[in-house]
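**Student:**
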Amino acid sequence: MSGLGQGAGPVTAPALELDDIQGTVLRRRPDDYHGVYLLYRIEDPAATKRSLREVLPKVTSAVDWERPRPFTLNIAFTYRGLARLGVPQDSLASFSEEFRAGMAARKEVLGDLGANDPGHWVPPRWAAPMSTSGS
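This note's numbering puts the first residue of the sequence shown at 220, with every later residue one more than the last.
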């Protein structure tokens with residue numbers, strides 16, 4: 220019987236804490252959407268954590284997503300960025316291999332070939348040369 224626990228009755232999905240989930244994770248973007256992406260390299264993990272404490276309350280959550288607003292703020296990290304911030308190894312190991320490998324290493328799966336090959340991507344001026352080997 221699908222959806223039943225082992226003798227405990229129906230299994231219910233846990234309630235989502237919408238105030239702790241970024242809006243774009245659960246909700247679609249507005250039709251009139253414009254985005255700006257800022258890329259940062261973490262030089263000083265302690266300073267980055269202090270900055271994040273100030274920024275996180277301003278991140279647009281999934282609560283009241285349909286409410287009109289002039290802009291939304293979302294944050295994303297790479298696997299390497301999370302590691303640099305000191306996320307515990309057991310948490311890092313819980314991420315999928317695809318996330319750990321990164322986009323450049325998955326170029327065939329993502330269709331980033333020919334003119335879209337990562338070798339043609341313009342890296343941020345501070346970035347090391349891009350590797351597609353997964354290292």
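For every residue, glycine included, the Cβ atom is placed at its ideal position computed from N, Cα and C.
Does the count of Cβ pairs from the segment 236 to 243 and the segment 275 to 286 closer than 8 Å reach three?
**Tutor:** With a cut-off of 8 Å, the segment 275 to 286 and the segment 236 to 243 count as touching, because enough Cβ pairs lie within range.
**Student:** Are M322 and L329 closer than 8 Å when you measure CB to CB?
**Tutor:** Cβ atoms of M322 and L329: closer than 8 Å.
**Student:** Based on Cα-Cα distance, which residue from A334, Y252, E316 lies nearest to T297?
**Tutor:** For the residues A334, Y252, E316, the minimum Cα distance to T297 belongs to E316.
**Student:** Alpha carbon to alpha carbon, what distance is there between L235 and L390?
**Tutor:** The structure shown has nothing for residue 390, since the chain only spans 220 to 354.
**Student:** Taking 8 Å as the cut-off, decide whether the C-beta atoms of I319 and W284 are in contact.
**Tutor:** Per the sequence presented here, residue 319 reads as Arg, with Ile not at that position. Not closer than 8 Å, so no.
**Student:** Among D336, D250, L271, H339, which residue has its Cα nearest to the Cα of Y259?
**Tutor:** Comparing Cα-Cα distances from Y259 to each of D336, D250, L271, H339, the minimum goes to L271.
**Student:** By the three-class DSSP mapping on this structure, what secondary structure does S352 have?
**Tutor:** Summary for S352: the model assigns pLDDT 45, below 50, so the residue's position carries little reliability, and this model does not support an answer.
**Student:** Kindly identify the DSSP beta-bridge partner or partners of P289.
**Tutor:** Looking at the DSSP assignment, P289 forms no beta bridge with any residue, so it has no partner.
**Student:** Express the C-alpha separation of Q308 and K268 in angstroms, rounding to a whole number.
**Tutor:** Those two C-alpha atoms are separated by around 18 Å.
**Student:** Which residues bound the alpha helix (DSSP H) around L245?
**Tutor:** L245 -> alpha helix (DSSP H) spans 242 to 245.
**Student:** Note the first and the last residue of the continuous alpha helix (DSSP H) segment covering F296.
**Tutor:** Neither: F296 is in no alpha helix (DSSP H) and is coded neither H nor E.
**Student:** Could you give the residue range of the alpha helix (DSSP H) that holds E236?
**Tutor:** From DSSP, E236 is part of no alpha helix (DSSP H); its letter is neither H nor E.
**Student:** Quick check: what's the CA-CA separation for D261 versus G300?
**Tutor:** It should be noted that the sequence gives Ile, not Asp, for residue 261. I261 and G300: Cα-Cα distance of roughly 7 Å.
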